[in-house]
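Set out below in structure tokens:
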């Protein structure tokens with residue numbers, strides 16, 4: 002998955018004694034990784050209402066990717082809770098990110 006490679010690139014930018022700051026890593030994550038994860042979500046999230054959209058497996062996969070990125074950004078241990086890191090790093094939970102991206106797309110189309 003393309004997103005996994007981008008998250009791997011975050012690893013090379015992060016370092017405990019050198020590298021980008023938490024703010025810079027978060028900004029890179031929001032500018033590069035989130036758009037890759039949300040690509041086409043306005044189509045597959047709407048299809049979910051008809052029973053044809055994303056599955057629990059898709060959401061779990063996206064949650065795992067976000068948790069991995071949050072651990073890299075925050076410099077946290079592997080056992081650190083993903084939702085706790087989302088709060089600490091001011092990241093939206095993946096379900097809310099899908100809803101936000103879909104809503105922005107629909108409003109952009111309608112205007």
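Residue numbers (this note's numbering): 2 to 112. For each residue, glycine too, the CB sits at the ideal point set by N, CA and C. Keep in mind that this is a model prediction, so the values were computed, not measured.
Sequence-distant partners of residue 69 (beyond 5 residues in either direction) whose C-beta falls short of 8 Å from its own C-beta, in its chain, are 8.
In the structure shown, the three-state DSSP call for residue 15 is strand. Nearest C-alpha to residue 75 among 66, 87 and 64: 87. The shortest C-alpha to C-alpha distance from residue 98 to any of 64, 22 and 21 is the one to 64.
Rounded to whole angstroms, the separation of the alpha carbons of residue 91 and residue 66 is 16 Å. Exclusion of the five residues before and after residue 33 leaves 7 as the residues of its chain whose Cβ lies within less than 7 Å of its Cβ. With a contact defined as Cβ atoms closer than 8 Å, residue 73 and residue 11 qualify at about 5 Å. Around the Cβ of residue 40, a 10 Å sphere holds fewer than 16 other Cβ atoms; the residue is exposed.
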